[in-house]
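Everything below concerns the one structure shown next.
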Amino acid sequence: MVEGIWLWLTLFAIGSTTILTRGSFVISGEGARLPSALQRALRYAPAAALSALIMPDLLLDAGAFDAANPKLVAGIVVALAAMRSRNPWLPFIAGMGVLLLLRKGLGW
Amino acid sequence: MNESFKRGAREGVRLMLPMSVGLLPWAIVTGVAMRSTGLSAVESLGMNLIVYAGTAQLGTLPLIAAGAPLWLIFLTALVLNLRFVIFSAALAPAFHGASWSKRVLSGYLLVDGLFVLCADRLLRSDDPHWRWGFYVAPALLCWSMWQVGGLAGVLGAGVFPKDWSLEFMTTIALMVMLMPMVQQRAMLVAALAGGLGAVLLRGLPLRLGVIAGIAVGIAAGFVAERWTEKRRRAW
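Now the structure itself:
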């Protein structure tokens, strides 16, 4: 865990990326067309990044690969809920519900 | 206050109202996720104010929890926020002639929903007062919703028992963001490659696996796009 003054420094570093990206062209005041190769790369960046953060949490248990763990089961339920329903709360309720049921109810 | 500023502000707020209410669940979840990661209430509210970007906040929480080095957290946040460069470039002409402080504030406030709903009309208007109202009023509405929802989540997080694995809310939130993106095949390839890349490369020092995985994912998405294009042409 990053703590204390380092945490605040970290928060400002993360915040600086908000200003750097959102402000980039708005602050300089110049409209621009980005090169198309760059635009396409930027399109894939969020999906790749989100997944790179999600999958280790779903597939690893204490750092080791484990395909049969409660988080993966809960993750599949979340994916189904997010695809099938427009209710913004459902993935959270269903995902947490399944995870708690497996961990607390069944002691997995 | 200028008449056309007020008119712009009213129209912008009316347009933004439904979507800004939709921000509330996100803000609450992000508030709970920050507290469950181990941030204090003050640190969580600070993060909401300083960062004000849901994806970057949720995405960096696992790295903060793991004690990853500062530059790696910065780089990951930068990647998660990169899409805003496209929005910023597209929207820049609407701020032509605005003061520096207005432009900095506008940059900080530029969230996805604002771009989606307002960009088109902003760029077509010739009246700088109307444009400023039409941008800053709905932008502040979104900002308020985010801060209020975040506060509710931060204060409400303590209600749940510690051993409820609430930090899993972060992963759920990231998944809910990812699902609509991967309806497209090349995007799905980018996500699968990025995720599996991060899992397989987890042994790299300094938690570099996440960044390496992201790079693998972007490259895979690129290749998949090329490949589907070529096949379409061959038919």
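As they're listed, the protein sequences go chains R and B.
Note that the numbering used here has the first sequence beginning at 1, numbered continuously upward.
Note that the numbering used here has the second sequence beginning at 1001, numbered continuously upward.
Every residue, glycine too, gets a C-beta built ideally from N, C-alpha and C.
In this structure the segment 1174-1192 of chain B lies against the segment 1211-1230 of chain B, because at least three pairs of beta carbons, one per stretch, are closer than 8 Å. Relative to the Cα of B:Gly1054, the nearest Cα in the group B:Leu1204, B:Met1177, B:Arg1207 and B:Phe1005 belongs to B:Met1177. Residues of the segment 77-89 of chain R with a C-beta atom less than 8 Å from some C-beta of chain B are Val78, Ala79, Ala82, Met83, Pro88 and Trp89, listed in chain order.
Boundaries cannot be given for B:Tyr1052, as no alpha helix (DSSP H) includes it and DSSP labels it neither H nor E.
Look at R:Ala67 here: in three-state DSSP terms it is coil, with no helix or strand label. B:His1096 has a beta carbon lying within less than 8 Å of a beta carbon in chain R. In this structure, the beta-carbon distance from B:Leu1063 to B:Arg1185 does not fall below 8 Å. Residue burial annotation: R:Ser36 is exposed, with fewer than 16 other C-beta atoms found within 10 angstroms of its C-beta.
When 7 Å is used as the limit between beta carbons, R:Ile54 is near these residues of chain B: Thr1171, Leu1174, Met1175, Leu1178 and Gly1195, in chain order. The segment 1001-1015 of chain B makes no contact with the segment 1028-1037 of chain B; the number of CB pairs closer than 8 Å stays below 3.
Between B:Ser1020 and B:Cys1142, the alpha-carbon positions lie close to 5 Å from each other. Nearest in C-alpha terms to B:Leu1017, of all of B:Trp1146, B:Trp1164, B:Leu1058 and B:Pro1180, is B:Trp1146.
Relative to B:Asp1112, the option among B:Pro1138, B:Lys1102 and B:His1096 whose CA is nearest is B:Pro1138. Taking the Cα of B:Leu1058 as reference, the smallest distance to any Cα among R:Leu59, R:Leu99 and R:Leu11 is reached at R:Leu11. Listed along chain R is no residue with a C-beta nearer than 8 Å to that of B:Arg1007; the closest approach is about 23 Å. Taking a beta-carbon distance threshold of 8 Å, R:Gly105 does not count as an interface residue toward chain B.
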